[in-house]
Amino acid sequence: MYGKGLRALSIATVAAMALALSLVFFYAPLDAEQGFLQKIFYLHVPLAIVALCGFVLGALLAIAHLRTRDPRWDMRSYVAIHMSLIFGVGALITGSIWAKGSWGHWWVWSEPTLVSFLIVFLLYATYQPLRFAIEDPERQARYASVFAITAGAFVPLNFMAVRLASAYVHPRVLGSTSNLPGPMALTFLVSLAAMALLYATLCKFELTAKHTRAQLRALRRRLLGEIPDAQARRTRSAAPTLQPGATVGTQAASRTAL
Amino acid sequence: MSRTVAALLRKELLVELRTLESVPAMSLFAVTTFVVFHFALNRSVVDGDLAAGILWVTLLFAAILGVNRLFVADADQGGFDAFLLAPVDRTAMLVAKVITLLAYLVVLELVAVPAFGLLLLGPSIGDALPDLIGVLALGDLGVAVIGTLVAALAVRTRARDLLGPLLGLPLLVPIVIGGARATSPLLASVHPTAPAARWLLTLGLYDLVFGLIAYALFDFLLED
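Note that the protein sequences, when read in sequence, are chains A and B. All you need for the numbering used here is the position in the first sequence, starting with 1, plus 13. All you need for the numbering used here is the position in the second sequence, starting with 1, plus 1.
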C-alpha cells in the first residue's frame with residue numbers, strides 16, 4: 014500500500030524539523046560577520062540541496078520507467094520533480110532574501126550557485142507544460158522521462174559551466190561543511206536531514222493521494238456498474254494518472270511491489 | 002547505417018533546397034537582428050564582450066527558428082511513419098538531422114558573420130576569423146545536437162512552437178557561456194588574444210556529453 018508508514022514518516026519529520034529549528038535558534042552560534050541573518054543559511058542551503066537531489070532522483074526514476082515501461086515509475090519521477098520544483102521556489106526566495114540582507118541586492122549575478130540554480134529551475138519549469146501538451150498518456154510518460162533524464166544530466170554540467178564563468182568566487186559562508194565551526198556544521202547537517210525527511214514525506218503524501226484517488230474512482234465506477242473506460246473519462250492533466258481499472262485488478266501485485 | 006544516414010541527409014537537403022523553408026529565414030532573421038541591436042543599443046560599432054554577446058545571441062535565436070522547423074515535415078506529412086516502417090537503425094535519423102541542422106548553421110554563419118563584421122563590429126573580422134571558425138564549429142555542434150533532441154521532443158506536442166524554445170534555451174545556456182567567453186577576447190579592439198583553452202574544453206565536453214545523451218534517448222522519442 015502507498016499509505017503504509019506514512020504516519021511514522023510524518024512524525025519523524027515533525028520531530029526532526031522541531032529539533033533542527035531549535036538547534037538553529039538556540040544552539041548554533043551567531044555568525045561573526047552576518048549576525049542573525051546567517052540563520053537563513055540553515056533553511057536555504059538544505060532546500061536547494063534537496064531540490065537538486067530530487068531533480069537527479071527524478072532522472073533516475075525516469076530511467077527505471079524507460080527500462081521497465083511501468084507507469085508507476087513515471088508517477089514517482091513526476092512526484093519527485095514536482096516536489097523539487099516546489100522546494101526550488103523556496104530555495105530561490107530564501108536565497109533572494111539572503112542576498113538582499115548580506116549584499117544589498119535581491120539578485121546577485123556573481124554568485125554562481127544561485128545563477129545555476131535559476132537556470133536549472135527555468136529548465137524544469139517547462140516539465141509540466143511539456144506533459145500538459147501531450148495527450149496520449151503513454152507517450153506523455155515516455156517523453157517526460159526523456160526530458161527528465163536530459164535535464165537530470167544537465168544539472169551537474171550546468172553547475173560546472175556557470176562556476177567556470179564567474180570570474181571570482183564570492184566570499185561566502187557555505188561551500189563545504191569542513192570550513193564551518195563544529196556547532197554550525199552539526200546544526201546544518203540536522204537541518205539537511207530534516208529537509209530531506211520533509212521531501213520524502215511530501216512525496217509519499219502525493220503518491221498516496223494519487224493512488225487513493227484512482228482507487229476511489231474505480232470503486233465508485235464499479236458501484237455504479239459502469240464499464241471501466243479510463244480513456245473516455247480521462248481529463249486533460251499534466252500529472253500522470255494510474256489507470257483505475259488496472260489498479261484494482263493488480264492491487265495485490267502492487268501491494269507486494271511497493 | 003552510413004548508407005541510411007546518407008539517404009536521409011540527401012532527402013533533408015533536397016527538401017530544403019526545393020522549399021527554401023529554413024535557411025533563408027534564419028539568415029534574414031540574423032541580419033535583421035543586427036539592425037535591431039544597432040538601434041536598441043544605440044551603438045554604431047561594438048567590440049569585446051558586447052560584440053561576442055550580440056553575435057551569440059543572434060546566432061542562437063536564428064538557430065531556434067531552424068530547430069522549430071526541423072521535424073515539422075516529418076510529423077505532419079508522415080515522414081516518421083515511413084521511417085519507422087523501414088528496417089533501419091533509428092539512430093540514423095538522429096545523425097542525419099544533426100548533420101542537417103549543422104549544415105543550416107554553417108550556411109547561416111556564412112551570411113551572418115560577414116554581415117556582423119560589416120554592420121556592427123569595430124575591429125576587423127579578418128584577424129579573428131581562424132580562431133572564430135573553431136569556436137563557432139564547437140558551438141554549432143552543441144546547438145545541433147541539443148536542437149535536434151529538443152525538436153524531436155517538442156514536435157509532436159500541441160504547443161510545439163512554444164515548447165521548443167522554452168526547452169532549448171536553458172539547455173543552451175552553457176554553450177552561450179562557453180561560446181561568448183571564448184569569442185570576446187578575439188573581438189577586442191585592443192590586443193585581441195586567442196580564446197582561453199578552458200572555454201573550448203567546456204564547449205567540447207558539453208558537445209560530447211549531450212551527444213551521448215541524445216544517442217541514448219533518441220530512440221524513445223520515435224516509438225509510435
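Built from N, CA and C at the ideal position, the CB exists for glycine as well.
What does residue i reach in chain A if we use C-beta pairs closer than 7 Å?
{"i": "B:Pro175", "result": "Leu170, Asn171 and Ala174"}
{"i": "B:Ala93", "result": "Ordered by position in chain A, no residue passes the 7 Å Cβ test against B:Ala93, which lies about 18 Å from the chain."}
{"i": "B:Asp225", "result": "Arg152"}
{"i": "B:Leu103", "result": "Within chain A, no residue comes near B:Leu103; the closest Cβ sits about 20 Å away, beyond 7 Å."}
{"i": "B:Pro171", "result": "Ile132, Leu135 and Leu136"}
{"i": "B:Arg70", "result": "Within 7 Å Cβ-Cβ: nothing; B:Arg70 doesn't reach chain A, min ~18 Å."}
So residue i contacts chain A; which residues on that side make the cut at Cβ distance below 9 Å?
{"i": "B:Gly179", "result": "Ala174, Leu177 and Ala178"}
{"i": "B:Arg182", "result": "Leu177 and Ala178"}
{"i": "B:Leu150", "result": "Val159 and Thr163"}
Contact check, residue i vs residue j under 8 Å by CB: the rounded distance?
{"i": "B:Val177", "j": "B:Leu42", "result": "No, B:Val177 and B:Leu42 are not in contact; Cβ-Cβ is about 18 Å, not under 8 Å."}
{"i": "B:Leu66", "j": "B:Met27", "result": "5 Å"}
{"i": "B:Gly165", "j": "B:Val68", "result": "6 Å"}
{"i": "A:Ala29", "j": "A:Ala206", "result": "6 Å"}
{"i": "B:Pro175", "j": "A:Ala174", "result": "4 Å"}
{"i": "B:Val46", "j": "B:Leu106", "result": "Not a contact, Cβ separation roughly 26 Å."}
{"i": "B:Asp132", "j": "B:Pro196", "result": "6 Å"}
Please list the partners that residue i has in chain B, where partner means a Cβ-to-Cβ separation under 9 Å.
{"i": "A:Tyr55", "result": "Within chain B, no residue comes near A:Tyr55; the closest Cβ sits about 29 Å away, beyond 9 Å."}
{"i": "A:Leu79", "result": "Leu218 and Phe221"}
Using DSSP with H/G/I as helix, E/B as strand and the rest coil, what is residue i?
{"i": "B:Gly140", "result": "helix"}
{"i": "B:Asp225", "result": "coil"}
{"i": "B:Leu164", "result": "helix"}
{"i": "B:Leu188", "result": "coil"}
{"i": "B:Asp48", "result": "coil"}
{"i": "A:Asp44", "result": "strand"}
{"i": "A:Leu237", "result": "coil"}
{"i": "B:Leu133", "result": "helix"}
{"i": "B:Leu122", "result": "strand"}
{"i": "B:Arg19", "result": "helix"}
{"i": "A:Gly16", "result": "coil"}
{"i": "B:Thr194", "result": "coil"}
{"i": "A:Ile147", "result": "coil"}
{"i": "B:Asp220", "result": "helix"}
{"i": "B:Gln78", "result": "coil"}
{"i": "A:Pro117", "result": "Residue identity differs from the one stated: residue 117 of chain A is Gly in this sequence, not Pro. Correct three-state label for A:Gly117: coil."}
{"i": "A:Met173", "result": "helix"}
{"i": "B:Val156", "result": "coil"}
{"i": "B:Trp57", "result": "helix"}
{"i": "A:His183", "result": "Residue placement at A:His183 cannot be trusted, given a pLDDT of 48 that sits under 50; what the coordinates show is reported in the next sentence. The answer is coil: DSSP assigns A:His183 none of H, G, I, E or B."}
{"i": "A:Ser35", "result": "helix"}
{"i": "B:Phe35", "result": "helix"}
{"i": "B:Asn43", "result": "coil"}
{"i": "A:Leu22", "result": "helix"}
{"i": "A:His251", "result": "Reading off the sequence, residue 251 of chain A comes out as Ala, not His. Three-state result, A:Ala251: coil."}
Residues of chain B with CB under 7 Å from residue i, in chain order?
{"i": "A:Ala146", "result": "Thr158, Arg159, Ala160 and Leu164"}
{"i": "A:Leu102", "result": "According to the sequence provided, residue 102 of chain A is Val. The question's Leu does not apply to it. Going along chain B, no residue has its Cβ under 7 Å from A:Val102, so there is no contact; the nearest lies around 16 Å."}
{"i": "A:Val159", "result": "Leu154, Leu218, Phe221 and Leu222"}
{"i": "A:Phe167", "result": "Leu172"}
{"i": "A:Leu50", "result": "Neighbours of A:Leu50 on chain B: none; closest Cβ ~30 Å, over 7 Å."}
List the residues of chain B whose Cβ lies closer than 8 Å to the Cβ of residue i, in chain order.
{"i": "A:Pro42", "result": "Those within 8 Å of A:Pro42 in chain B number zero; the least Cβ separation is about 38 Å."}
{"i": "A:Arg155", "result": "Phe221, Leu222 and Glu224"}
For residue i, go through chain A and note every residue whose CB falls closer than 8 Å to its CB, in chain order.
{"i": "B:Trp168", "result": "Here residue 168 of chain B turns out to be Leu, not Trp, going by the sequence shown. Leu136, Thr139, Leu143 and Phe160, listed in chain order."}
Less than 8 Å between CB atoms is the rule here; does residue i satisfy it with respect to chain E?
{"i": "B:Arg182", "result": "Included in the structure are the protein chains A and B, with no chain E among them."}
Is the region 37-57 of chain A touching the region 189-208 of chain A, taking contact as three or more C-beta pairs under 8 Å?
yes
Using a Cβ-Cβ cut-off of less than 7 Å, give me the residues of the region 207-230 of chain A that come near chain B, in sequence order.
none
The region 27-46 of chain A in contact with the region 83-100 of chain A per 3-pair CB rule at 8 Å
no
Taking contact to mean 3 or more Cβ pairs, one atom from each stretch, closer than 8 Å, check whether the region 139-150 of chain A and the region 112-131 of chain A are in contact.
no
Taking beta-carbon pairs under 7 Å, can you tell me which members of the region 207-223 of chain B lie near chain A?
Tyr207, Val210, Ile214, Leu218, Phe221 and Leu222
Where the region 184-206 of chain B meets chain A: residues whose CB sits under 9 Å from a CB there:
Arg199, Trp200, Thr203 and Leu206
Should the region 150-165 of chain B be called in touch with the region 110-118 of chain B, which here means at least 3 C-beta pairs below 8 Å?
no
Would you call the region 122-134 of chain A in contact with the region 165-181 of chain A, where contact means no fewer than 3 C-beta pairs closer than 8 Å?
yes
Report yes or no: do the region 183-191 of chain B and the region 150-167 of chain A share at least 3 C-beta pairs separated by less than 8 Å?
no
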